[in-house]
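Number of protein chains: 2
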Amino acid sequence: MSSAPDLRLDELRALAEQDDLRAFVERAARVHPSDLADVLAALEEGTRVRAVAELPPEIASAALAEMETAEHPEEILLAVGPDYAAELLEELPSDDAADIVGELPPDAREAVLAEVEDRADVERLLTYSEDSAGGLMTTEVVAVDQDATLSEAIAEIRRQSREEDEPYDVYAVDGARRLVGTIPIARLVVQSPDRRVRDVMRAPAAVVRPEQDQEQVARIMARYNVAAVPVVDAGERLLGLITFDDVIDVVEAETTEDLLKFGGVNPHEELGASWRVAVSSRLPWTLVNMITACFGASVVYLFQGTLSRAVVLAVWMPIIAGMGGNAGTQALAVTVRRLALKQLPRGRAVAVIGKEMLVGAVNGVVVGLVVGTLASALGGAQFLGVVVLLAMWGNLIVGGFAGAFIPLVLERLGADPAVASSMFVTALTDTCGFLLLLGLGATLLL
Amino acid sequence: MSSAPDLRLDELRALAEQDDLRAFVERAARVHPSDLADVLAALEEGTRVRAVAELPPEIASAALAEMETAEHPEEILLAVGPDYAAELLEELPSDDAADIVGELPPDAREAVLAEVEDRADVERLLTYSEDSAGGLMTTEVVAVDQDATLSEAIAEIRRQSREEDEPYDVYAVDGARRLVGTIPIARLVVQSPDRRVRDVMRAPAAVVRPEQDQEQVARIMARYNVAAVPVVDAGERLLGLITFDDVIDVVEAETTEDLLKFGGVNPHEELGASWRVAVSSRLPWTLVNMITACFGASVVYLFQGTLSRAVVLAVWMPIIAGMGGNAGTQALAVTVRRLALKQLPRGRAVAVIGKEMLVGAVNGVVVGLVVGTLASALGGAQFLGVVVLLAMWGNLIVGGFAGAFIPLVLERLGADPAVASSMFVTALTDTCGFLLLLGLGATLLL
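Here it is, written out as structure tokens:
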């Protein structure tokens, strides 16, 4: 069970490092493929290749399937040579095989696939986009005829599935392999074996098309509480199956992407990327931010005359701009998630923007009074407190507006509302904040 | 299937609104509980209560279980009265029943539970924290004796499960109800009925304790590719089961919480909260941000003399501060996700901070050269370009440092590294940015 697994895995790793491959193979068969994948990933490359070459192909391939893309399982295939690589691929479900083959350089891909007996499934899966239902599905799906009896269906399931498979749902199809129903495998156990498939099946709770986005697939599975969702083509023919474990990985990966986008990082930057990769991933957005930051600065440029006569205004610039940016980022985080979860029906845009502006206005009064009083107390110019209060109040309203308006506009334009939104929000709150503070300062103080 | 569901649901809603409850009930039985839940949530309260009262309890309760917490299914229980409420609860799996009962005010809770026959399970689940495995699990778990034959086991499964249940896995226990193995239900179909449970079961890939955090549970299920994970107590006795559909909801909710925390919003603010709720949820962090923003401002306060002699420095303040904040937020997003995914083994902290500072240094040179050249060209003071270049370069290094260091420190202190990190990062980049720009300005320009 799960007690002290780390110790066992450390021992396993040590066996490989000491080149005691017989003991390594024997122990490796008794750990979970995910754990074996971790052990393999932690080995030096030479040791890893020797260890994989010694493992029985069904064990090595199960571990390969559990390795992260960032751990480059395809490099193991390259190292063991096309014959053994093909043997490993044949052991894998077609979706995992396609994922690994897709990472190989084109010539190596051809060399390996040439040795794979049933290469058609893998090649078809490679034609789908990685982020789509087609890229996520496996073609190993158990289908039975709707007119079969349950005992015939059970025999058919035995024939179609390998011993290590444990299908959750079986699908009923008509003569043209069109999907007509789902039979939870538990029903096969509980119902009388003489009944027909068509009498115990039910309508599938949900189906997806191969071109649908993987995030949509995850949301459909969560909504309809299904552990697996069938993929059908435009003619309702059954193409494959997506299971919950692939979907949990998708949702985890989307969380990372969403946070990176919000932070102004290329969402495809691997978290453990080298500094060289990180530089080239972040520099483009850094340069975009440089341009947006210039809007705020150009307001200050125009008000240099005001500032030179009331330099104390410069003290309050970062607070007004920062608090507006904070209010904007708060509104942005809420709005981006509402859009992602489709919790924002069209036609409600005005109400959403209005709410965020109202929140900004209320918080703006509170913070404006505190900071304005502080400005009055520290002094430096008559009416300074009033200028700071009004600028703060106005800029928090701008923040609420920008945080809701900008992602809504990006969504309408067909762009991803999470990408770069925070930069545009900050540019707007900086610019308006300085305009309010220095404009009011020029009017009231001088 | 899933073709044009919206139209069908609009019709269903219209039937309820026209008070044609007979037709409503007939149609409601044919849609998915998740869809029925949406229709109920969209109705006026009076209509909703009348509609629920007409529905057969098994259909009404399935829809209640699919309502979001924010849609307040417990209000329906309150409205239909304790007798029918108890009937609805008895139809529900214990985890869903406990979730809804937990939202009732204490006196109503007692009134409803008094009518529930088997209240012990629900009450025990209420003792676990909502964010824990115990709060997520259902107590409806099918357990068979390890010494039974498979045909005895199948009979036992028929006895323990209701017709609408479709268990994926069955659990093998010993005489003291200690969990000893898992039997995928497919094996019961495929293997000979004379074999014993102990001969076909395998060790559970993973188990969890009721007090474990729900995010950990999600990660364990994704790692070991299990659609359900059993919950056991310290004596390995089987308490309940957590299924993948609850876990997908958890991961979706965590994505929302992570983004809200990053944006400086209380992660428990409901996305559709009223402006009053939003104000009180955001004001505390707004006030904290006000204090952190004062650090940067106080640097400017101290350098008013410098600024009054070279007011052009104020133009570059927002760019230096903003770009440093941007670099810091980028490093922060990456580091927060690495910590959340446990991809940062202890002892690597120095390497991580070093990488982020290096990324900041490289991007800082690029941006510093562009902005420094611009500053030179716009003029205003001799050496202004050099001051801007150096301040930009330094502040992007500070950003990289802050974005990695602050979440690492918060994690070591046992605090959530995502909460408020972005505020502290921005406070540091503002303060250091102004210090660099105005300090260098005072030295080199005047």
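First to last, the protein sequences are chains A and B. In my numbering, each residue carries its 1-based index in the first sequence increased by 2. In my numbering, each residue carries its 1-based index in the second sequence increased by 2. From the three backbone atoms N, C-alpha and C, an ideal C-beta is built for every residue, glycine too. Bear in mind the structure is a predicted one, so any value in this text is a computation, not a measurement.
### Task
Name, please, each residue of chain D whose Cβ falls closer than 9 Å to the Cβ of A/Ser423.
Here chain D cannot be found, since the structure's protein chains are A and B.
### Query
Is it true that the CB of A/Leu91 sits closer than 7 Å to the CB of A/Val54?
Cβ atoms of A/Val54 and A/Leu91: not closer than 7 Å.
### Query
Does any CB atom of chain B fall closer than 7 Å to the CB of A/Tyr226?
Answer yes: the Cβ-Cβ gap between A/Tyr226 and chain B drops below 7 Å somewhere.
### Message
Quick check: the stretch 427-436 of chain A against the stretch 391-410 of chain A, are at least 3 beta-carbon pairs closer than 8 Å?
### Response
Note that the stretch 391-410 of chain A touches the stretch 427-436 of chain A; at least 3 beta-carbon pairs, one per stretch, sit closer than 8 Å.
### Pairwise C-alpha distance: A/Pro108 and A/Arg339
Cα to Cα, A/Arg339 sits roughly 39 Å from A/Pro108.
### Query
Which first and last residues belong to the alpha helix (DSSP H) in which A/Asp201 is found?
The continuous alpha helix (DSSP H) containing A/Asp201 extends over residues 199-202.
### Query
Starting from A/Thr140 and walking both ways along the alpha helix (DSSP H), at which residues does that stretch end?
Looking at the DSSP string, A/Thr140 is not in any alpha helix (DSSP H), and its letter there is neither H nor E.
### Task
Could you check which residue in B/Thr151, B/Val144, B/Ala174 has the C-alpha nearest to that of B/Arg161?
When only C-alpha atoms are compared, the closest one is B/Val144.
### Task
Please list, in chain order, all residues of the same chain as B/Gly48 whose beta carbon is under 7 Å from its beta carbon, the five residues on each side excluded.
The beta carbon of B/Gly48 is closer than 7 Å to none in its chain, skipping five residues each way along the sequence.
### Task
Could you tell me which residues DSSP puts in a beta bridge with B/Ala174?
Answer is B/Val146, B/Gly183.
#### Entry: Within-7 Å CB hit, B/Val427 to chain A
It does not: the Cβ of B/Val427 has no partner Cβ on chain A nearer than 7 Å.
### Query
What do you get for A/Ala463, buried or exposed, if any count of 16 or more other CB atoms within 10 angstroms of its CB means buried?
Any question about residue 463 of chain A goes unanswered here, given that chain A covers just 3 to 448.
### Task
Locate the alpha helix (DSSP H) running through B/Gly266, then write down its first and last residues.
Judged by DSSP secondary structure, B/Gly266 falls outside any alpha helix (DSSP H); it is assigned neither H nor E.
### Query
Among A/Leu315, A/Gly405, A/Gly307, which residue has its Cα nearest to the Cα of A/Leu341?
Here the closest residue by C-alpha is A/Gly405.
### Query
For A/Arg189, does the count of other Cβ atoms within 10 angstroms reach 16, so buried, or fall short, so exposed?
Around the CB of A/Arg189, 16 or more other CB atoms lie within 10 Å, so the residue is classed as buried.
#### Entry: Cross-chain neighbours of A/Asn365 in chain B, by beta carbon under 8 Å
Simply Val281, Arg284, Leu285, Thr288.
### Task
Taking only beta-carbon positions, decide if A/His270 is within less than 7 Å of chain B.
False, the Cβ-Cβ gap to chain B never drops below 7 Å.
### Task
Starting from the C-beta of B/Val367, find all residues in its chain whose C-beta is less than 8 Å away, skip the five residues before and the five after it, and write them out in chain order.
Within the same chain, Cβ atoms closer than 8 Å to the Cβ of B/Val367 are found at Trp395, the five residues on either side in sequence being excluded.
### Query
To the nearest angstrom, how far is it from the Cα of B/Val103 to the Cα of A/Arg225?
Taking the straight line from one Cα to the other gives about 22 Å.
### Message
Looking at chain B, is there any beta carbon in it that lies within less than 7 Å of the beta carbon of A/Val33?
### Response
For A/Val33, the closest Cβ of chain B is not nearer than 7 Å.
### Task
Please look up how many angstroms separate the CB atoms of A/Pro232 and A/Leu273, rounded, as I've assumed it's under 8 Å.
Wrong, their Cβ atoms sit about 33 Å apart, outside the cutoff.
### Message
Would you say B/Leu190 lies against chain A (beta-carbon separation less than 7 Å)?
### Response
Under the 7 Å criterion on CB atoms, B/Leu190 is classed as interfacial with respect to chain A.
### Task
Consult DSSP for A/Arg348 and reduce its assignment to one of helix, strand or coil.
Looking at A/Arg348 - three-state DSSP - the assignment turns out to be coil, as it is neither helix nor strand.
### Cutoff 7 Å: A/Val124 Cβ touching any chain B Cβ
By this cut-off, A/Val124 is not an interface position.
### Task
Answer yes or no: does any C-beta atom of chain B fall closer than 7 Å to that of A/Phe246?
Yes, because at least one Cβ of chain B sits closer than 7 Å to the Cβ of A/Phe246.
### Message
Within 8 Å, do at least three Cβ pairs link the stretch 252-259 of chain B to the stretch 197-207 of chain B?
### Response
Short answer: they don't touch.
### Query
Do A/Asp22 and A/Leu138 have their C-beta atoms within less than 7 Å of each other?
At a Cβ-Cβ threshold of 7 Å, A/Asp22 and A/Leu138 do not count as neighbours.
### Message
Quick check: what's the CA-CA separation for B/Ala62 versus A/Asp37?
### Response
So the alpha carbons of these two residues sit roughly 43 Å apart.
### Message
Can you tell me whether A/Ser4 is helix, strand or coil according to DSSP?
### Response
Unreliable positioning characterises A/Ser4 in this predicted model, as indicated by a pLDDT of 42, which lies under 50. A coordinate reading is not provided.
#### Entry: Cross-chain neighbours of A/Arg340 in chain B, by beta carbon under 8 Å
Chain B residues near A/Arg340: Leu273, Gly274.
### Query
Among the residues of its own chain, which have a CB less than 7 Å from the CB of A/Val27, if the five just before and after it don't count?
If we look at A/Val27 and ignore the five residues flanking it on each side, its Cβ neighbours are Glu56, Leu57.
### Task
For B/Thr151, name the three-state secondary structure that DSSP assigns.
Strand, per DSSP.
### Query
Apart from the five residues on each side of it in sequence, which residues of its chain come closer than 7 Å, Cβ to Cβ, to A/Leu386?
The residues are Val314, Ala377, Ser378, Leu447.
### Task
Have a look at A/Gly324, A/Ala363, A/Glu93 and flag the residue whose alpha-carbon is nearest the alpha-carbon of B/Asn291.
When C-alpha distances from B/Asn291 are compared across A/Gly324, A/Ala363, A/Glu93, the shortest belongs to A/Gly324.
### Message
Residues of chain B with CB closer than 8 Å to the CB of A/Cys296, please, in chain order.
### Response
Within chain B, Ile321 have C-beta atoms less than 8 Å from the C-beta of A/Cys296, given in sequence order.
### Message
Helix, strand or coil for A/Thr245? Go by DSSP, reduced to three states.
### Response
The three-state reading of DSSP puts A/Thr245 in strand, counting E and B together.
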